[in-house]
Every structure is written in structure tokens, then in C-alpha cells.
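Undergrad:
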Amino acid sequence: MRREHEVSPVARHPRLAEVDQPGFFLREFPLQTVLRDDGTADPAEVPLADADLVMLYRWMVLNRALDERMITLQRQGRIGFYIGSIGEEATIFGTAAGVETRDWIFPCYREHGAALLRGLPLVTYLCDLFGNARDVMKGRQMPCHEAWRPGRFASISSPIATQIPHAVGAAWAARLKGDDMVALAYFGDGATSAHDFHTGLNFAALRKIPVIFACRNNGWAISVPRERQTAAETLAQKALAYGMHGERVDGNDLLAVLNATRRARARAAAGEGPTLLECVTYRLEGHSTSDDPRAYRPADLVETWKRKDPLLRMRRFLLRRGALDEAADAKLRDEVREELQRALREAEAFPPKPPLETLFEDVYAEPLRQQREQLRELEAAVAADPRVGNPRHAGT
Amino acid sequence: MRREHEVSPVARHPRLAEVDQPGFFLREFPLQTVLRDDGTADPAEVPLADADLVMLYRWMVLNRALDERMITLQRQGRIGFYIGSIGEEATIFGTAAGVETRDWIFPCYREHGAALLRGLPLVTYLCDLFGNARDVMKGRQMPCHEAWRPGRFASISSPIATQIPHAVGAAWAARLKGDDMVALAYFGDGATSAHDFHTGLNFAALRKIPVIFACRNNGWAISVPRERQTAAETLAQKALAYGMHGERVDGNDLLAVLNATRRARARAAAGEGPTLLECVTYRLEGHSTSDDPRAYRPADLVETWKRKDPLLRMRRFLLRRGALDEAADAKLRDEVREELQRALREAEAFPPKPPLETLFEDVYAEPLRQQREQLRELEAAVAADPRVGNPRHAGT
Amino acid sequence: MPTMNVIQAVNDALRVAMRQDPDVVVLGEDVGRFGGVFRATQGLYDEFGADRVIDTPLAEGGIVGTAVGMALYGLRPVSEIQFADFIFPAFDQIVNEVAKYRYRSGGQYACPLVIRAPYGGGIRGGHYHSQSPEAHFIHTAGLKVVVPSNPHDAKGLLLASIRDPDPVIFFEPKRVYRAAKGEVPEGDYVEPLGKARVTRPGTQATVIAWGAMWHEADQAAREAAAEGLDCEVIDLRSLQPLDLDALVQSVSRTGRAIVVHEAPRTCGFGAELSALLQERCFLHLEAPVRRVTGFDTPFPYTLENEYLPRAPRILQAIREVVSY
Amino acid sequence: MPTMNVIQAVNDALRVAMRQDPDVVVLGEDVGRFGGVFRATQGLYDEFGADRVIDTPLAEGGIVGTAVGMALYGLRPVSEIQFADFIFPAFDQIVNEVAKYRYRSGGQYACPLVIRAPYGGGIRGGHYHSQSPEAHFIHTAGLKVVVPSNPHDAKGLLLASIRDPDPVIFFEPKRVYRAAKGEVPEGDYVEPLGKARVTRPGTQATVIAWGAMWHEADQAAREAAAEGLDCEVIDLRSLQPLDLDALVQSVSRTGRAIVVHEAPRTCGFGAELSALLQERCFLHLEAPVRRVTGFDTPFPYTLENEYLPRAPRILQAIREVVSY
Ligand SMILES: Cc1ncc(C[n+]2csc(CCOP(=O)(O)OP(=O)(O)O)c2C)c(N)n1
Ligand SMILES: Cc1ncc(C[n+]2csc(CCOP(=O)(O)OP(=O)(O)O)c2C)c(N)n1
Ligand SMILES: [Mg+2]
Ligand SMILES: [Mg+2]
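Protein chains in written order, with our numbering: chain W, 3 to 398; chain U, 3 to 398; chain S, 57 to 380; chain H, 57 to 380.
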């Protein structure tokens, strides 16, 4: 079996002509790349002005620093859990920057970077991780399950792939309302095996719903390598099952991802239907802070991919282009570190728990009788025995 | 949109060379045919001796007569429901005859023909339809939800596509046990949209499980035409999503279906993995006796397909070949009618209801306390008031 | 007032809702040009077009999952599940997504949608065209669950459900889709969710039912009356929110309660009602709360009339409970 | 006897079953070389190979649906669902296929398989790593439902489940996966399904619990004893089949019952137990059967200790029920 995560990306091929007759297929899913190893790129494929390129690079740096810091915080017991995106930043920021800000994002759980790009304040995000009194989600979900309505960033749930049909429905609704909105759905390689992947893509392709299905193929679903997820040689080719357009792009190449996303958006907005965009990247760390990947994957495999780090790649490009110099890069990194430190101090200052009544709010628009009664019941229990709710003083 | 059920089958093409490089595709899904319109066929593609061909033709005739008779019985109120396979006989008998009798069949709900071919006695089948005291299923399921263990014919449930992963599991188990068994799973075009289609095919392709996925593409899922089920131009191409072999065959051509099934079986048994076999056929009648297709499909469309009737096609071939003459055909039809009539008389003679205690058997291997208690409760209720269980004497 | 049956009332409610609010769309298998296998959406495709009356592929998870996205974006989708038995492929979307979306987002998003499904037995449907899965959804906080028994309530409750800010699972009693007829107001009106209806006042026992089984309960109460047993009958209509006050008030008075439902007994909604009544009316109860229900087996075919908790079995329970 | 925790006991049971019967296979996400995210299948891949310890794609419907086919053909598959919260994509396969296969085929086929899933809260898992969905499966005739609370039972009950002729949903209390330790016999033994265990005899009230909440019930009973309140504690172990005799016997004696579970109260298994006890012990009950449960909300994150029915709340309920 060809292990795509072991070999270097296939060189880009000229597009073969399509034989467009019923029953016949000629399609190609070459890995599309813009950023060359030597730090150069075809100028025609550089989609943004230098300032914007640096801005996106800065986001990637911040996201990396954030993930690293949060993994440390989790080890220190200051947050309960963390799931980062180290190694996948180009995929995340390339797609998020490739759509319009009016477009809705239906995240998986590694795309907090997209929420930050959309204006989720860092302090707010950190409060979500703490699940503290200022958590927008009112301490109801695990860390990394944020929602951010002002940024049209939908709510994250743990079940894999459920957000995919949601993206389809939202984009469908927008089209009915006459809005120019393209939904961006994120999911992993593992998610392509899930029920909702099949349903979502089929519904969308059938009705030409304006959605971009951004598959972060990071090579792993916890311990299961991409090659044990499906016998298909590429994930992009799954588009063929739905009569949908599919593309395969180097997910560690910010510009390639951004360009492909823009093309997919244009196609969707023009009524030409959705795109399955396979972004081939790599999960450099464990699945989450609960995971230790040494139990299932050889370290040397990771080393290969560390050399393809999307941040290094973008940095090399910016330096060579002269959009950035070493001093500016160092300054940018200092700023980012400082910004994080400040936000962390601010977030940790809030009370650790949301008030008791929040437990019963938002189950329904208005609490029903049982939520009202149960709040009173819990309040009485807490009043009668302060150990209620305090893990250190009861039970196992 | 290309409406495959409106146009005549595409002529068969020479197989194009496959470009077997990662990311590149060149596949063809031409509609494979053996029986020509003039009643001839390439002798090299005729897979059976004349007697066997006539035998299969007889099965198709019997199946047709059975379906017609049962639809009448339903109209007369003698059975509660019926779902037939009129127009799809070549698909059903071609696949069922194309596998070995040791292979397991995982039916949808139109393949009673396959069960009969496997030895399900006609009387037994009719008792199942009546749900009477001799129903092997003990009157528990609607008509056309038979199971027939001696023929390795699995149990039918109404939920669409659930049998697909079952077929995969059984074939997987057989391989583990070292048995040469290939599972044959039946389902319709509508089922390709269902969750379990996706899961079943993905699991099977990944592990090269010996399964034949026989899709009866009869053009409709109740009122929804094939073209509104998926934007894929063919259903066979859905195989590509799973890295699986797919073929597309004229489902009204008994020999083409049989040949394709045999090839798929050989491939599966040789460890080369499963096949998605799209059989393009047509549902000439309503979805079931509960349905009136005039509400959603133009009559002229059906007329086109009536001319492609798989029985007529096979008959023309057998006559031209000299394997059958008009007299033999008439005799065969008489025999079939007589056989049906006899079986019907016999089946209708059994008591209409299974005994009360069967209601509580087989929920578990042994009834639990609640089934035992509830049987006593029901027996007492019936004893106290004979109207219990009698629909004409109580309630609305 | 025109006379309608339940299916016509449902159809009328959908039409009224769609005329009044362009954000209301319906989606499901066969709901489009065909008008649904029970004809609940008949005529809607012609009036409102393919954009708002959407035939979907055969995938309940998609019918609900897509509706979630529509609801988030501001539509009011009404999903049809062809039979309640086929709601399970959508179960994950319903319990893990629909029910929790508002809560988990801290109230930033809401997911107001309706999932309609014909439910219940008595139409010779066997295992897979007869189930009554309401308990699963009542157990799932975040969902409302409504089951009308007659055309008037079907229309008024469906209109209320479509406009409700919360997701509603709306089970329609297909056994009486055509049999239950009655006067139905023209145009717009709602029946509020969470209000039971005392359909027959009585003093000696309270019979609680909903949907198709209300008709059996009513029949049994009428037969009991002929025997001199005076029962109160309550049509629950909305199972979540539950009109617990109405139940407590009635049972505190009668001291005896019988709950009727088609679903299997164990862990059915009857268990919850029994537990609640026992918690709230303990000192008033003269007899155990009695459950007359479907049995703990899959739904059968030939013996479905034995299986269903029809009037004769309810009547026997009334006699026993009153003489406890 | 070696000392083990629950996860080690589960692992040991799987190993014993696989050694003893070549038809036993395990399948699920990450169960192969990695040994499962909780390490329940650790070492099995090395001992039994990739054919019998099967890493599957990410699709619970496939994990169960494939197991159905394996069971029909004669294997004894043990499916792992990574968290009980993720069992819902397999819900249709479980309730419409697994539960009904034997019945609907008239007993021609059987579907003996085990679905293992870690369940419950208390590990800071929020909505989707904390749920206790047992009531759904108890409501579905055809399934057995088992929930051990300690290593000894985990091993004995799992071995019994794997050999049971019926499908078993086996929920493992992940909150005490490592915390609950105890002596576990080596090699083969079974604990029969359908037998509760009285873990503490008592006279004034019966506290009924299972899984992780048994530990809270036990703690509460010990604290109550210190206050002079003498409670009987029953570890249910098998919820379906239910050891109703044990419950009726105990409650008939104590006259008071408290049911504890993590799942939301409404339509939880506590409702069924309350209804049953009230039906069977009506004349012995001195107080309403009391439910101490999770609340009717999704499972929270920060306030999970407030949400869980832990010992302090159970103790309060004991006091109230005894003084009713
Ligand atoms: C329905 C469901 N099953 C199982 C899980 C447990 N789980 C969490 S993440 C994960 C792997 C996901 O892999 P992939 O889709 O590739 O995303 P990645 O984590 O690699 O970004 C699994 C199995 C889940 N969250 N939901
Ligand atoms: C899960 C599920 N949803 C809906 C139905 C209702 N239903 C019964 S048959 C059918 C259409 C099936 O179409 P197809 O798969 O093409 O099979 P065909 O009837 O054409 O042979 C539908 C929607 C069902 N049985 N199961
Ligand atoms: Mg991945
Ligand atoms: Mg069809």
C-alpha cells in the first residue's frame, strides 16, 4: 500500500483532459504546491500583499505559541485538557483566510486559530479553556469546544463529522435567503469514514450547495494511520462518489491552501457546487494531551514531517522575498509571547466556576419546570452540605 | 442532468488503460451487456448450458407470476402488504445464480426470488406472507421480510441498507474461519445514500473482505428518481471513494449480470477484495402495494422500460437459440401457475394466527422475567375478555 | 369550521406556517412533488416550490443534520421522518447535536426545528412501521416531545411547535391519521405546548394517555362508566414539557392512576409518570399507579392487536385499580 | 489472587475469553496495536494478531454492523465504542438490528455480541465524554445491559456477557477504571447476569445503585451509619435482566428506597425502578421511592461535581426518606 505520509509530495502534473462521457472517468488529484523548498514561489501564485502574508504568518506563530503554552498548562493541571494544531497551521489559516468573513465556519476541534482570526479575543478563548465564570460557553464543555457567534464560528461538539451536514444546511439556508455565504466545514481524515461525511457531501453535491469541505488529512485518527482508514489512495477522490469537485493540496503550504480555498469559494458562490479539499498535512504532536503517540508511531516518521513544518516553510519564503527579516521575526515572536502572557494573566483572574444557576439555563430557551425545580434542589443541597460539588470531600 | 433511465444504455467501450499513479484516475464504468436486442449473444459470453438457462428463465417466470398473484391477493385483503420485483428479475436471479450456494445472501426486500432459488419452499414463503401459524417468522414481521437459514438467506429488516455491514461482517468471519464464502449483499439505488452503505463499503474495501455489493439500481426510491438521490453520474463510480472495484452492468440482462457476478466472486475469493456491482434495471410497478406511482412518474417512461423487460429479453434469446420453443414456454407457464395455485391453497389452510406465547419467545434465547410475566398477563386478559386481540370489537 | 382528519390537519398546519413565515421549509424523503407517503405535504410543493419543499436523499441523519444547519442560520425547518422507526439513523444528530446545541454554545446559537414522524402500531406494520420511541427523546434534555391525538390539536400543536424556540419531536398517531376526524379552525391558531387536556372528568381513577392510545383510553372510560366506574381521562398532548400540575391535581383527587402507552413497558414514559405521581401524590394514592402498555418485545405483526394496550385491557385495569 | 483495577480486569477478561474461544474477536477504534485509548485491549494485538484484534475505521455504525454479521456467522465479537457518548451513530444498528435479529427471524438466527463502552462522568469530560445512556438500551427489548462497579465483577460479568446467547451492552465505569481496585481471581470464572449483590445489609432504607455511583452510594451509607441510619446498599450489576426479587425483598423489608444514577432523571432507569417498586411493594412503602440522579441538562464540565449524584446528596436523601 502506498503510504502517502511517508513519501514526499508528488510533483505537480499538467491537468489531463477529462473524458466527459457517462461511465467514463479521467480525473487527477495531484498534490498542489506553491511554496518551493528553496523559499521561492511562482509570483503569479502569490495571492496577497506582503503585509497580509506577514500577518498570516504572525497568526501561525501565535497559534503555535498558544498550543505549546496550553499543552504546558495542561501538564501543570491549570487546564483540564487540550487539543492543538501543531503542524497543521497552514491548513487552518490558509482555508480560514481563503473565505470571506461573512462565511460561516463549521469547525472540528483544532481550528481555534480560525476563530481567533475571526476576532475571538484571546482572553475569551482562554476563559473557555478554563471553563471559568467568564467562559462564553458557561463552563459546559471541555476545552477546545468553543463557539463564537460574532465570528460566525459554529459550536464544536466532540462527535466526529456531525458538523458536516450542519455546514450544508447553513449554506443551503443562505442560498434560500439570497445571501452570498459559503460555508467552510473542517474535519479530519478519520472523519471521512463517519456517517455524516457521506450524508453531508451527498446532499451538498446533489443540490450544488455552496460549501467547502476542508479535510485536514493529518495522517492520523488518534492511533489509526490514514492508510487504515480507507483503501482509497487519496481522500480527494471520494468527491467522485458524489459527483463533486475534489482537489488535493499540500496542507503545509499556506499559499497553496489559500489559493485552492479561494478557487473553491468562487466555484461555490457561482453556483457550481461544493468542493472536497483534501489538505495533506501532519499531526506533529499527540492527538491531544490525553494521548502519547510514542505507543503507536515511529519517531523518525515525525522527524521527516518536522522538516516540512509549515511555519518554517512560510518563514523561509518571507525571508527570501524580503517581506520579513530576522529582526522583525524576532520582534514578532516577542510580541506574540507577551500578548499570550498578558491574556493568560487576565483570564486566570476570573472566578473558576460559573454560578450554579447556569447549570440549568439554555437547556431550553426558558427553563422548564424540572430545570427550575432541580436548581432549587441543588441550591438546597449545597446550602445543607458544602461538600456538594466539592470533589475533595466526598466519595471516591 | 443526464437521466440514465431515460436514455438507452451506452454502447460498450473498449477498456481504457488505467493510469495507476497516486492522485490520477482513469476508470470506466460502461454498461455491460450480453443479450442483444435481436436475441443473439456472443457465444463466449453465454455462461451456462441450455438446461440451466431455461431453469433460470423458469425461475424468472415463476417469480413474476408470484408477484402478480400476491399483488392481487393484497388487493383482495388476503395478505396485508406486498413488495415485488417485477422488472428486476434478471438482476436478482443473475446475481443469486452467480454465487455459490455456500455463499450467504444479505437481502434487501425484493429478493424472495433468491430465497426460493436457495430452496425456500413456496408454501413456506406464502405462510410468511400470511404471517400465519406456519410462518417461520412466527407472524412477527410484515410480508416480504422473510429469513431462511437453511438457504443462508439472512433476515430482512425494513430499515434501508442495514444489511450491508452485516454482509461484510459475515464474510470477514468466514475468512477468519478459513471458509470459502463470499457474501452477497443486495440493496437499491436509494440505499447508496444511507449511512450503512458508506460504512460497509469502506470497511470491506480496506480489509479486502469477500463481498459482492449488488446494487439494484431500479431508478427509484419510492417517488425519488435516481437522479435526485446523488449527483454521481453512475452508482458504480462510488466504488472509487473506497478504493474498491466497481462495475456497471445491464440489470435486465440475465447473462450480463450472471457473468459480472461470477467475476466479482472469483475476485473476492482470490483475496482481491469486494466489488460494487451496479445493476441498471427498472421498477416497473409501484414501490409496494402501498404506493401508486402515477402520482410521481410519467407512464410513457415506464413503457420504454417495459420493452426492455428482462423476461422478454431472455425468452427471445432462448427461442432464437433453440433452447426453448413456444410450446415448451407455454407448458412451463402452465406448470408455474399450477404450482403457485397448489401452494396457495396449502398455505391458506393453516390457522391464521401463531399461538399467543410466540409473542414472547425469541426476544431473548430464554424469556426473561418480564416476558414470562407479560405472557401470563396477556393470557389472563384474553381469558377475561375475548375482545382482547380482536380488532373488530374494541376501540377505534 | 371545516372537518378534517389528522393528516389533513397536519397538512393544513404546514401550509399555514409556510404562508405566514417564508423561513419555514419542509424536507424529507418523498415530501416533494409526491407529497409524502402519507400525503402530509400534499400540495406544498406546488404552492411553495422545490426550494422550500425539499425531497432529500435516503438518509435520516442528513435530513436532521441539514436541518440543524438551516435552523442555525435562521430558517425554521420541519423535517419529516417517514416512519418513527427510521428516526434512529438520525439519533446521534438529535441527541448529541440538536438537543445540546443551545446549551453547549452558552446560548449563542439556537436550533429551533421540528422533526415530524408518524409513530405507533395498529396499521399492520410489524417491527419497523409501528414503533413508539418517545421515551428516548423525553430522556434527552433539550428536546420537546409532542403527540397529538386529534385533528384540532395536531394543527394547533404543530403550529406552536414550528414557532417554538426549542427543537420539537412531533409524533403523529398514524393509526388514526384518517380515522380521527373533527372540526379544525381555519387559518392560524396555536395550542400551547405543555398543557394537558382533561377530556373526560371523573372521580374514581385517572387514565392518562396520548396519541392513538387516547382513543382507547376514552373508549375504556366510556365502557367503565357503563359499569358505574367513573374515570377521568387526560390527553397529555405534550410529553415534554409535561403538564404535571394537571396530573397531580387529578390523581390527588381520584387517588388512582392508569398510564397507557404503546411502547414497551420497561423504561417507557409510563415509568416516569408512575415515578412522578408516586413522588408527588404518595399520600393520596389508594393503589399503585398502573401501567397498561405494549409488551417487552419488538412490535409484532399478526398479533398486533394482542400487543397494543387497547380498550379491553385498559378496562380490566380500571376495574382492578378501582377495586385495589 | 492478584489485585487489579477495573481496566486491568476488563483486559484480563478479554484475554481469558480469547484464549479459551478462537471465535472471540475484538474490534473498534484504536483497539489494535495501540491497545485502546483506555488500554482495555492492551497486549491483545500482540498475542492474538491483527485478525482477531481489529482496528476499524472511525464509524461506530460499522463497528456494530460488522459485528452483527460476524455474530450471525458464528463469531463472538466484542465491539468497543470509545466512549458511550459515541454509541449513537450505532443506535440504529443496535435497536433495529441487534435487538431484533433473533425475534424477527423466528429464532433462526442469533446475534450474540458484546458492545463495551466506558460510560459516565467525573473525569472532566464535559458533554461528550460523560454520558450514561443505559436507559435507551433497557427500553429496547432484546438487549441485555450490564454495568459492573468493581474489578471482580467487571471480569466475571464480561466473561459471562461474551458467552451469553444474547447481545449485551456492557457499560464500564470509567470514573473508577483505575481508582477501584480489588482482588480478581486468575483465569476463568463468570458472574451470572441478572443477579444483584447486597453489598451492605441494612434495615431502614435500601439504596440502589450501579457502576461508578455504587461507590457514592456506599460512601453515603457509611456516613449515614455514623449518624445511626442503617441502610442496605444494593449493587445492581445487571440492569437487564434485572434482579427484581432482590429489590422487592429488600424494599419490602426496609419500606424505603433510594435509586441513584448519573443519567438525567427524566425517563432514566430510576423511573423504571421507582415504578416497579411501587407496583410490587406498594403496601410496604413508608415513603416515596426517591431518585438521586443527574439533572435534566446535558452533562456539564466545570460543575460536574455539582451535577453528579455524589455521596453528600445521597446522604441528604437518606435522611429525608428515613424521616418521611
Ligand atoms: C463519533 C465519534 N467516535 C469516536 C470519537 C473519538 N475520537 C476523537 S478524535 C478521533 C480521531 C479523529 O481523527 P480525524 O478525523 O483524523 O481528526 P484529527 O484528530 O486527526 O484532527 C476519535 C476516534 C469521537 N470523538 N466521535
Ligand atoms: C432508514 C429508512 N428510511 C426510510 C425508509 C422508507 N423506505 C422504504 S423503501 C424506500 C426506498 C428505497 O429505495 P431503494 O433503496 O432504491 O430500493 P427499492 O425500493 O427501489 O428497491 C424508503 C425511503 C426505510 N425503509 N428505511
Ligand atoms: Mg486526522
Ligand atoms: Mg430503487
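Built from N, CA and C at the ideal position, the CB exists for glycine as well.
Just so you know, these numbers come straight off a predicted model, no measurement behind them.
Please list the partners that residue 224 of chain U has in chain S, where partner means a Cβ-to-Cβ separation under 8 Å.
TA: 85, 86, 90, 93
Undergrad: Of the choices S:321, S:161, S:131, whose alpha-carbon is the least far from that of residue 181 of chain W?
TA: S:131
Undergrad: I'd like to confirm something about residue 204 of chain U: is its beta-carbon nearer than 8 Å to some heavy atom of ligand 3, or not?
TA: No, Cβ of residue 204 of chain U sits at least 8 Å from all heavy atoms of ligand 3.
Undergrad: Once you ignore the five residues that flank residue 216 of chain U on each side, which residues in its own chain have a CB closer than 8 Å to its CB?
TA: 93, 97, 186, 187, 188, 189, 263, 279, 281
Undergrad: Anything in chain H within Cβ reach of residue 195 of chain S, meaning under 8 Å, just list it in chain order.
TA: 191, 192, 319, 320, 322, 323, 324
Undergrad: What distance in whole Å lies between the Cβ atoms of residue 211 of chain W and residue 265 of chain W, which are believed to be in contact at a cut-off of 8 Å?
TA: 17 Å between Cβ atoms; not a contact.
Undergrad: Judging by CA-CA distance, which residue of S:165, S:208, S:121 is the nearest neighbour of residue 150 of chain W?
TA: Among S:165, S:208, S:121, the Cα nearest to that of residue 150 of chain W belongs to S:165.
Undergrad: What I want to know is whether the C-beta of residue 149 of chain H ends up closer than 8 Å to one or more non-hydrogen atoms of ligand 2.
TA: No, the beta carbon of residue 149 of chain H sits no closer than 8 Å to any heavy atom of ligand 2.
Undergrad: Let me check one thing: in DSSP terms, what residues is residue 222 of chain U bridge-paired to?
TA: U:227
Undergrad: Let me check you understand the geometry: is the CB of residue 89 of chain H closer than 8 Å to at least one non-hydrogen atom of ligand 1?
TA: no
Undergrad: Output, in chain order, the set of chain S residues within a Cβ distance shorter than 7 Å of residue 261 of chain U.
TA: Per Cβ cutoff of 7 Å: no residues; residue 261 of chain U is ~29 Å from chain S at best.
Undergrad: Beta-carbon of residue 185 of chain H versus every beta-carbon of chain S: anything under 9 Å?
TA: no
Undergrad: Can you confirm whether residue 275 of chain U, when its beta carbon is compared against all beta carbons of chain W, has any partner nearer than 9 Å?
TA: yes
Undergrad: Over the uninterrupted beta strand (DSSP E) stretch that includes residue 137 of chain S, give me the two end residues.
TA: Element bounds for residue 137 of chain S: n/a, residue is neither H nor E.
Undergrad: Can you tell me whether residue 98 of chain H sits near ligand 1, meaning its C-beta is under 8 Å from at least one heavy atom of the ligand?
TA: no
Undergrad: From this set, W:272, W:318, W:221, which residue's C-alpha is nearest residue 284 of chain W's C-alpha?
TA: W:221
Undergrad: Take residue 88 of chain H and list the residues in its own chain whose beta-carbon comes closer than 6 Å to its own, dropping the five residues that flank it on each side.
TA: 101, 109, 111
Undergrad: Starting from the Cα of residue 345 of chain W, find the closest Cα among W:356, W:269, W:125 and give me that residue.
TA: The alpha carbon of residue 345 of chain W has as its nearest neighbour, out of W:356, W:269, W:125, the alpha carbon of W:125.
Undergrad: Tell me, to the nearest whole angstrom, how far the beta carbon of residue 271 of chain S is from that of residue 313 of chain S; I am working on the premise that it is less than 8 Å.
TA: Actually they are not in contact, since the Cβ atoms of residue 271 of chain S and residue 313 of chain S sit about 19 Å apart, beyond 8 Å.
Undergrad: Specify the secondary structure class of residue 279 of chain W as computed by DSSP and reduced to three states.
TA: strand
Undergrad: Grab the span of the alpha helix (DSSP H) containing residue 363 of chain S for me, first residue to last.
TA: Counting along the chain, residue 363 of chain S sits inside the alpha helix (DSSP H) bounded by residues 360-363.
Undergrad: Which residue wins for smallest C-alpha separation from residue 131 of chain W, given the options W:50, W:86, W:247?
TA: A check of alpha carbon separations from residue 131 of chain W across W:50, W:86, W:247 identifies W:86 as the nearest.
Undergrad: Grab the span of the beta strand (DSSP E) containing residue 237 of chain H for me, first residue to last.
TA: Under the DSSP assignment, residue 237 of chain H falls in the beta strand (DSSP E) whose first and last residues are 237-239.
Undergrad: In three-state terms, what does DSSP make of residue 397 of chain W?
TA: A caution first: residue 397 of chain W carries a pLDDT of 43, below 50, which makes its placement in the model too unreliable to give a value.
Undergrad: Got a sec? Which residues, its chain only, sit under 6 Å from residue 64 of chain W by beta carbon, not counting five neighbours each side?
TA: 338
Undergrad: Beta carbons nearer than 8 Å to chain H: which residues of the segment 141-152 of chain U have them?
TA: 142, 143, 147, 149, 150, 151: these are the residues of the segment 141-152 of chain U whose beta carbon lies less than 8 Å from some beta carbon of chain H, given in chain order.
Undergrad: Going by the CB atoms, is the gap between residue 156 of chain S and residue 183 of chain H shorter than 9 Å?
TA: yes
Undergrad: Could you check which residue in S:327, S:350, S:285, S:279 has the C-alpha nearest to that of residue 387 of chain U?
TA: S:279
Undergrad: Quick one: what does DSSP say residue 145 of chain U is sitting in, helix, strand or coil?
TA: coil
Undergrad: Does the beta-carbon of residue 333 of chain W have 16 or more other beta-carbons within 10 angstroms, so that it is buried, or is it exposed?
TA: exposed
Undergrad: Is residue 355 of chain S near ligand 2, with its Cβ less than 8 Å from a heavy atom?
TA: no
Undergrad: Near ligand 6, which residues have their beta-carbon closer than 7 Å to a heavy atom?
TA: Questions concerning ligand 6 fall outside what the structure shown contains, since the ligands it does hold are ligand 1, ligand 2, ligand 3 and ligand 4.
Undergrad: Under DSSP, the beta strand (DSSP E) around residue 192 of chain H begins and ends at which residues?
TA: Where residue 192 of chain H is concerned, there is no enclosing beta strand (DSSP E), although the alpha helix (DSSP H) it sits in stretches over 190-194.
Undergrad: To the nearest angstrom, how far is the alpha carbon of residue 286 of chain S from that of residue 205 of chain S?
TA: 22 Å
Undergrad: For residue 219 of chain U versus residue 315 of chain U, is the C-beta distance shorter than 9 Å?
TA: no
Undergrad: What are the boundary residues of the alpha helix (DSSP H) that residue 75 of chain W is part of?
TA: 52-77
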